[in-house]
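Under this note's numbering, the sequence shown has 318 at position 189, and the numbering climbs by one with no breaks. Take a look at the structure set out below.
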Amino acid sequence: MPVSVDPTSVDEHQNPSAPANTHADPGARTSGHMPAEQTDAEALRPHAEHAFAAELAALAAQDDRPRPTRWKLSPWAVATYLLGGTLPDGTVITPKYVGPRRIVEVAVTTLATDRALLLLGVPGTAKTWVSEHLAAAVSGDSTLLVQGTAGTPEEAIRYGWNYAQLLAHGPSRDALVQSPVMRAMAEGMTARVEELTRVPADVQDSLITILSEKTLPIPELGQEVQAVRGFNLIATANDRDRGVNELSSALRRRFNTVVLPLPESADAEVDIVSRRVDQIGRSLDLPAAPDGIDEIRRVVTVFRELRDGMTTDGRTKLKSPSGTLSTAEAISVVTSGLALAAHFGDGVLRASDVAAGILGAVVRDPAADRVIWQEYLEAVVRERDGWADFYRACREVSA
């Protein structure tokens, strides 16, 4: 009969009172020997719990609502952290996700139950971004992460072995290497699995017992790890990956699925792109682009029209290219353009700075997509008032 493992003793060398970021696999850190403060300051992209530590602390200080066991914030405060707002003391919480409030509320509520959360959507709908911020707000640690790929082994979800220890002393707790999911179970935290539908089907199914029984058997030791209160799991999946490794009905039943939509309006998408470009630009020490909003709006307009297969006025039908033309790709195009303007221009974001990035995002298939792009340039962009400079810039890079 399996023997339940005391969750606090699975890793004998771990200090339960250590900061949250010490729970991650040390091998996943770029500099495990550096102090956390120094590492965070030098990180190109700090984890959410570090980048927004002041906001999380302000929310925790004024959060007087009931909190589920081991949650750092109440569900209301978690939703406020994601959607933004102003606290009673005047502290401004910046929005991390721009979209329907009910979607965030359902996602947060799911994590407070015994069902796991599946964030589903087309590429670029901020699934990873939302999962990271949810984990940061709920558990104070977003690093308990399994990145799903076609080569993800079962050990990444269950556990592995230190083979030197295994050969020297045989199966033992000291030889056991915990997965992020096992750590989350033992410590009552939130684990994340990215791109679940890219994980082989047999590896996916290793989650069934974990999510249904809240138990991870270790048959080699005749033991098991039982999840403690506070444990849950967030998975993300791509709408366009249906048929790659579809989830079995047994596994899908263990999740509550929340679909993240594309931005509802052009103004909402422009706002999202502007906010993220500003954040990324500051992290890269790029100067703020004066009047850059006009070029951002152009990029968003091009992406939305080609994505929807229709011009914004509804008069002209368009062919859609093979790429997704997501909000995330628009952010990348504008960020690259901002870097060009800063290092090789006068610091002002212009059409010539974003043209090459748009071409690279639209033309994924050199044959079919290039024809679609040329038709769009000549039929739409060329005839649009105030877009002459944009047309010339795109023609130059498309030649």
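For each residue, glycine too, the CB sits at the ideal point set by N, CA and C.
For residue i, report the span of its alpha helix (DSSP H) as first-last.
{"i": "V526", "result": "A517 to S527"}
{"i": "E507", "result": "Taken as a continuous stretch (DSSP letters only), E507 belongs to no alpha helix (DSSP H), as it is neither H nor E."}
{"i": "E323", "result": "No alpha helix (DSSP H) holds E323; the beta strand (DSSP E) holding it covers T319 to E323."}
{"i": "V462", "result": "T456 to F473"}
{"i": "L478", "result": "No alpha helix (DSSP H) holds L478; DSSP gives it neither H nor E."}
{"i": "V275", "result": "V275 -> not in any alpha helix (DSSP H); beta strand (DSSP E) instead, spanning L274 to Q276."}
{"i": "V492", "result": "V492 -> no alpha helix (DSSP H), and no H or E assigned at all."}
{"i": "F432", "result": "I422 to D437"}
{"i": "K256", "result": "K256 to S268"}
{"i": "D400", "result": "A395 to S412"}
Measure from the alpha carbon of residue i to the alpha carbon of each residue in the options, then state which is nearest.
{"i": "V322", "options": "P282, G486, D396 and L488", "result": "P282"}
{"i": "E458", "options": "A180, E178, Q307 and A255", "result": "A255"}
{"i": "R302", "options": "E353, L274 and L263", "result": "E353"}
{"i": "H176", "options": "G213, T198 and A265", "result": "A265"}
{"i": "I232", "options": "L216, L211, V251 and R244", "result": "L211"}
{"i": "R206", "options": "W200, P217, D192 and G219", "result": "The residue you asked about is not Arg; residue 206 is Ala in the sequence shown. When each option's Cα is compared against that of A206, the closest is D192."}
{"i": "T344", "options": "E261, A379, V310 and V463", "result": "V310"}
{"i": "A236", "options": "L263, G421, D218 and I222", "result": "L263"}
{"i": "L246", "options": "E234, A497 and P252", "result": "E234"}
{"i": "D375", "options": "V332, S403 and L488", "result": "Contrary to the premise, residue 375 reads as Glu rather than Asp in this sequence. Ranking V332, S403 and L488 by Cα distance to E375 puts V332 first."}
{"i": "E525", "options": "Q503, A508 and R513", "result": "Q503"}
{"i": "T198", "options": "G299, A279, T319 and G280", "result": "T319"}
{"i": "S260", "options": "A186, V388 and I460", "result": "V388"}
{"i": "T223", "options": "T239, A183, S203 and L240", "result": "A183"}
{"i": "D334", "options": "R287, L274 and S465", "result": "R287"}
{"i": "I239", "options": "G359, V500, G421 and G486", "result": "Ile is not the amino acid found at residue 239; the sequence shown has Thr there. Nearest C-alpha to T239: G359."}
{"i": "R369", "options": "T326, P495 and S377", "result": "T326"}
{"i": "V227", "options": "A484, T386 and T209", "result": "T209"}
Can you tell me where the beta strand (DSSP E) holding residue i begins and where it ends?
{"i": "Y288", "result": "Y288 to W290"}
{"i": "E349", "result": "No beta strand (DSSP E) holds E349; DSSP gives it neither H nor E."}
Do residue i and residue j have their CB atoms nearer than 8 angstroms?
{"i": "I401", "j": "T456", "result": "yes"}
{"i": "T365", "j": "T257", "result": "yes"}
{"i": "Y505", "j": "L435", "result": "yes"}
{"i": "P392", "j": "G250", "result": "no"}
{"i": "R433", "j": "E398", "result": "yes"}
{"i": "V267", "j": "W200", "result": "yes"}
{"i": "I501", "j": "K448", "result": "yes"}
{"i": "T445", "j": "A508", "result": "yes"}
{"i": "A189", "j": "T220", "result": "no"}
Per DSSP, what kind of secondary structure is residue i in: helix, strand or coil?
{"i": "L362", "result": "strand"}
{"i": "G443", "result": "coil"}
{"i": "G250", "result": "strand"}
{"i": "R199", "result": "coil"}
{"i": "R230", "result": "helix"}
{"i": "D514", "result": "coil"}
{"i": "L389", "result": "coil"}
{"i": "E375", "result": "coil"}
{"i": "T215", "result": "strand"}
{"i": "S341", "result": "helix"}
{"i": "L305", "result": "strand"}
{"i": "A279", "result": "coil"}
{"i": "V354", "result": "strand"}
{"i": "G452", "result": "coil"}
{"i": "V328", "result": "coil"}
{"i": "A182", "result": "helix"}
{"i": "A172", "result": "coil"}
{"i": "A485", "result": "helix"}
Within 10 angstroms of the Cβ of residue i, are there 16 or more other Cβ atoms? Answer buried if so, exposed if not.
{"i": "H472", "result": "exposed"}
{"i": "P450", "result": "buried"}
{"i": "G438", "result": "exposed"}
{"i": "R312", "result": "buried"}
{"i": "A528", "result": "exposed"}
{"i": "D396", "result": "exposed"}
{"i": "L340", "result": "buried"}
{"i": "L296", "result": "exposed"}
Report yes if the C-beta of residue i is less than 7 angstroms from at least one heavy atom of the ligand NAD; otherwise report no.
{"i": "L506", "result": "Ligands in the displayed structure: none, and consequently the ligand NAD is not present."}
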